[in-house]
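Enquirer: Sharing a structure, written as structure tokens. Questions coming.
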Amino acid sequence: MVSKGGTTRRQFVGALAAGLGYGGLPATGLRAQGRRATQADPDDALTGPPEYQKLVKLASNENPYGPSEQVMKAMNDAWPYANRYVYPNGGIVEAIAEHHGVKADNILLGAGSAEVLKAADDAFLPDHRRVVGVEPTFESVYRYATNSKAQALAVPLREDFAVDIKEIIRVVRSNARDVGLVYLCNPNNPTGNIIHKDDIKLMLDSIPEEIPVLIDEAYYHFVDNPDYETSLKYVLQGRKVIVTRTFSKIAALAGMRLGYGIAPKEVIAQMRPVTYGNSINALVKHGGAAALKDASNQGRIRELNKQVREQTMAELRSMGYRLIPSDTNFFMVNVKRDVRSVGEEFQKKGILVGRKFPPMDEWLRVSVGSSDDMRRFITAFKEIFPPGSAG
Ligand SMILES: Cc1ncc(COP(=O)(O)O)c(C=O)c1O
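Below, the structure is given as structure tokens:
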């Protein structure tokens, strides 16, 4: 059965499962789920919006609440520009600049912050340069680095799952001539914890100033922790720091693709030429500008997330499971089994959870969904892990 776009329905389901965080898993669980749902025409039950809607999506750290009314209105009002290459762009760059007290030439937009990460890789990691970061972390930089033949120097997390800043400093200093980029994700994905503000300062004070440091703040908006601060002040001080932010998480625009990097203008000038330059759609430029002004909605999302996260984590703790304290919209729980097979079991129940993040093979990453999503998650969790499984 081939859809209008040329993909078969089966391919679409596979892509859906992959896109939702199960890149490595076959989509059989989803298919089986669909077959049970409708006997008459199983394929129809597999792919359409109702099937998608039924899935509990806890694999990709998305915002379960969707964009705010103001953001959707701004995007809808931009439809008249859909057929143009040149159009009023909603002042997105100026809005970001004003929001952070920087200039337009300190900003690089991307179709998602992933595009900015890729630009940093292309600009600062020519062949055989090295990227230093922790493991596990958000993989993109390492993936891109591998593509560009740069080598990753991955520093293991400490036993308490904190970023080992002293070891990062040591590794950067002892490889200083070869290091093209330091990448830190703060808060870190997949562990969900922050890097202490004093550790960021210590690192920047301890490594050669000419080495660019990218601090990925995709989850900045969810943090409520006095030991945390944004690294934007280092950009304002002129340090070779690139801070990345995204509209995918707090603003719930993951599918619309918008993110940005902020850095000294010379650093942005090195990255800009390696981006495509025209990757962002008209609607999201307007939506992003509206989202930046929408502080009350962000506060609402932050509170809801915290409430649902703490409730879910408390329930898992009461069942005897160990969790890493989270400052984000996801958390990790030690399920004492290989996460890959656990993910498959959840998937059969229509729940998508995080993939495996080696070497934390028994730690399951769970995104915080709505309270209804988390009720379904806990029900499935109790079925997969009967009493006594916590050990
Ligand atoms: C830490 C981190 N950085 C960057 C991204 C990429 O986000 P986007 O490209 O949607 O802005 C993600 C996505 O999950 C992430 O977790």
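Numbering-wise, my numbering comes out as the position in the sequence shown, counting from 1, plus 3.
Here a beta-carbon is modelled for each residue, glycine too, at the ideal position from N, C-alpha and C.
Using the DSSP secondary-structure output, state which residues sit across from Leu-261 in a beta bridge.
Expert: Locating residue 261 in the sequence shown gives position 258, where the first residue counts as 1. None; Leu-261 has no bridge partner.
Enquirer: Residues bridged to Pro-159 by DSSP?
Expert: Translated into positions along the sequence shown, residue 159 becomes position 156. Paired residue(s): Glu-138.
Enquirer: Given the structure, does Ser-282 come close to ligand 1, in the sense that its CB is under 7 Å from one of the ligand's heavy atoms?
Expert: Against the sequence shown, residue 282 aligns to sequence position 279. Because no heavy atom of ligand 1 lies under 7 Å away, the Cβ of Ser-282 does not count as near it: no.
Enquirer: Check Thr-233 in the structure and name its three-state DSSP category.
Expert: Residue numbering aside, residue 233 sits at position 230 when the sequence shown is read from its first letter. DSSP places Thr-233 in coil when its eight states are reduced to three.
Enquirer: So who's on the other strand from Thr-247, going by DSSP bridges?
Expert: Walking along the sequence shown from the start, residue 247 turns up at place 244. Asp-219, Gly-264.
Enquirer: Pull the bridge partners of Arg-303 from the DSSP assignment, please.
Expert: For the purposes of this step, residue 303 is taken as residue 300 along the sequence shown, with counting starting at 1. DSSP lists no partner for Arg-303.
Enquirer: Just to confirm, does Ala-157 get its C-beta within under 7 Å of one of the non-hydrogen atoms of ligand 1?
Expert: As a first step, residue 157 must be located in the sequence shown, where it is residue number 154. Not so, every heavy atom of ligand 1 lies at least 7 Å from the Cβ.
Enquirer: Any chance you could list the residues with Cβ under 5 Å from a heavy atom of ligand 3, keeping chain order?
Expert: Inclusion of ligand 3 in the displayed structure is not the case, the ligand content consisting of ligand 1 alone.
Enquirer: Using the three-state DSSP reduction, which class does Phe-164 fall into: helix, strand or coil?
Expert: On the sequence shown, residue 164 is found 161 positions in, with the first residue counted as 1. Coil, per DSSP.
Enquirer: Work out the CA separation of Asn-284 and Asp-88 for me, nearest whole Å.
Expert: Position 85 of the sequence shown, counted from the start, is the residue given in the question as residue 88. Position 281 of the sequence shown, counted from the start, is the residue given in the question as residue 284. The sequence shown places Tyr at residue 88, rather than the Asp named in the question. Roughly 10 Å separates the two Cα atoms.
Enquirer: Between Val-174 and Gly-372, is the Cβ-Cβ spacing less than 8 Å?
Expert: In the sequence shown, the residue the question calls residue 174 occupies position 171. In the sequence shown, the residue the question calls residue 372 occupies position 369. Cβ atoms of Val-174 and Gly-372: not closer than 8 Å.
Enquirer: Run through the DSSP bridge pairs and tell me what Met-335 is partnered with.
Expert: Stepping through the sequence shown from its first residue, residue 335 is reached at position 332. For Met-335, which the question treats as bridged, DSSP gives the partners Ile-327, Arg-368.
Enquirer: To the nearest angstrom, how far is it from the Cα of Ala-254 to the Cα of Ala-157?
Expert: Locating residue 254 in the sequence shown gives position 251, where the first residue counts as 1. Locating residue 157 in the sequence shown gives position 154, where the first residue counts as 1. Those two C-alpha atoms are separated by around 31 Å.
Enquirer: Locate the alpha helix (DSSP H) running through Gly-3, then write down its first and last residues.
Expert: Residue coverage of the chain in this structure runs from 4 to 394, which leaves residue 3 outside it and unanswerable.
Enquirer: Name the DSSP bridge partner or partners of Met-363?
Expert: Translated into positions along the sequence shown, residue 363 becomes position 360. Beta-bridge pairing links Met-363 to Phe-360.
Enquirer: Between the Cα of Phe-384 and the Cα atoms of Val-336, Pro-362, Arg-358, which residue gives the shortest distance?
Expert: Indexing the sequence shown from 1 puts residue 384 at position 381. Per the Cα distances, Val-336.
Enquirer: Rounded to a whole number of angstroms, what is the C-alpha to C-alpha distance between Arg-368 and Met-259?
Expert: As a first step, residue 368 must be located in the sequence shown, where it is residue number 365. As a first step, residue 259 must be located in the sequence shown, where it is residue number 256. One C-alpha to the other measures close to 24 Å.
Enquirer: Roughly how many angstroms lie between the CA atoms of Gln-42 and Lys-57, to the nearest whole one?
Expert: Within the sequence shown, residue 42 is the residue found at index 39, counting from 1. Within the sequence shown, residue 57 is the residue found at index 54, counting from 1. At Gln-42 the pLDDT is 37, less than 50, meaning the model places this residue with poor confidence and gives no usable figure here.
Enquirer: Are the beta-carbon atoms belonging to Lys-236 and Asn-109 less than 8 Å from one another?
Expert: Working through the sequence shown from its first residue, we reach residue 236 at position 233. Working through the sequence shown from its first residue, we reach residue 109 at position 106. For Lys-236 and Asn-109, no; Cβs fall outside 8 Å.
Enquirer: Using 8 Å as the threshold, is the C-beta distance between Thr-249 and Gly-394 below it?
Expert: Sequence index remark: in the sequence shown, residue 249 carries index 246 (1-based). Sequence index remark: in the sequence shown, residue 394 carries index 391 (1-based). For Thr-249 and Gly-394, no; Cβs fall outside 8 Å.
Enquirer: Does the segment 353 to 366 touch the segment 125 to 142, meaning 3 or more C-beta pairs lie closer than 8 Å?
Expert: These segments touch.
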